[in-house]
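Residue numbers (the numbering used here): 183 to 254.
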């Protein structure tokens with residue numbers, strides 16, 4: 183099985199899975215009892231993943247000709 187994104191449908195399928203995963207993680211995050219180290223690690227991971235999404239947005243915006251894309 184290849185995880186390489188080769189079609190629009192595959193891209194949107196993966197984004198849908200990522201969105202579902204985010205909602206599941208966010209649903210109970212306020213009820214987790216995390217140590218300071220665990221919170222710091224979690225925040226670092228969220229920041230890294232946010233940076234990846236922003237990089238994808240910027241790459242898509244740069245590749246689109248004349249289409250306005252808001253990456254903020």
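Cβ atoms here follow ideal geometry from the backbone N, Cα and C, with glycine treated the same way.
In this structure, DSSP gives residue 250 a state outside helix and strand, which the three-state scheme calls coil. When DSSP states are grouped into helix, strand and coil, residue 219 belongs to the helix group. Bounds of any alpha helix (DSSP H) do not take in residue 214, whose DSSP letter is neither H nor E. DSSP places residue 228 in the helix class (H, G or I) of the three-state scheme.
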